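One structure is given here, and the rest of the page talks about it.
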Amino acid sequence: MTQTMTRRPVREIAREIRKCWHPVNYAAKPYLEAMLSLDSVDDRYGMDSGRSVVSYFLGNASSFRGEDARRIKAELKAML
-14 MTQTMTRRPV REIAREIRKC WHPVNYAAKP YLEAMLSLDS VDDRYGMDSG RSVVSYFLGN
46 ASSFRGEDAR RIKAELKAML
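Residue -14 is where the sequence shown starts when you use this note's numbering, and the numbers rise one by one after that.
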């Protein structure tokens, strides 16, 4: 059985993170803010690739925990 999954835009995921992660870790915050302007990891944010922005966010989001965090991080990792 093949399941088709529609990928959400990165900006939509970033908005959800802002709603459920308080306070956002200071090291992850600039990457989260950058993610608000991305549709996909194939976009660019200034001189950085969207892929690197999401990767750096994940690398700095270790204090983002819980059920929502696990689901959201898995969704972002699947995009990479």
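The beta-carbon is built from N, C-alpha and C at its ideal position, and this holds for glycine as well. Just so you know, these numbers come straight off a predicted model, no measurement behind them.
(message) One question on the structure: do Lys62 and Leu43 come within less than 8 Å of each other, judged by their Cβ atoms?
(response) Yes; because the gap between Cβ atoms is below 8 Å, this pair is in contact.
(message) DSSP three-state label for Asp28, please.
(response) The three-state reading of DSSP puts Asp28 in coil, since its state is none of H, G, I, E or B.
(message) Assuming contact is defined by CB atoms lying nearer than 8 Å, are Leu65 and Val39 in contact in what I supplied?
(response) The answer is yes: Cβ separation under 8 Å.
(message) Here's a check: name, in chain order, each residue in its chain whose Cβ is nearer than 8 Å to the Cβ of Ser25, leaving out the five neighbours to either side.
(response) Closer than 8 Å at Cβ, skipping near neighbours: Arg(-8), Pro(-6), Val(-5), Gly35, Met64.
(message) Rounded to the nearest angstrom, what separates Arg0 and Trp6 at their Cα positions?
(response) Near 10 Å, if we compare the C-alpha coordinates of Trp6 and Arg0.
(message) Under DSSP, the alpha helix (DSSP H) around Gly35 begins and ends at which residues?
(response) Gly35 -> alpha helix (DSSP H) spans 35 to 44.
(request) Just tell me which of Ser47, Gly51, Arg55 has its CA closest to the CA of Tyr11. (result) Residue nearest to Tyr11 within the set Ser47, Gly51, Arg55 is Ser47 (criterion: CA-CA distance).
(request) Please report how far the alpha carbon of Asn45 lies from the alpha carbon of Glu(-3), in whole angstroms. (result) Separation of Asn45 and Glu(-3) (C-alpha to C-alpha, rounded to the nearest whole angstrom) is 19 Å.
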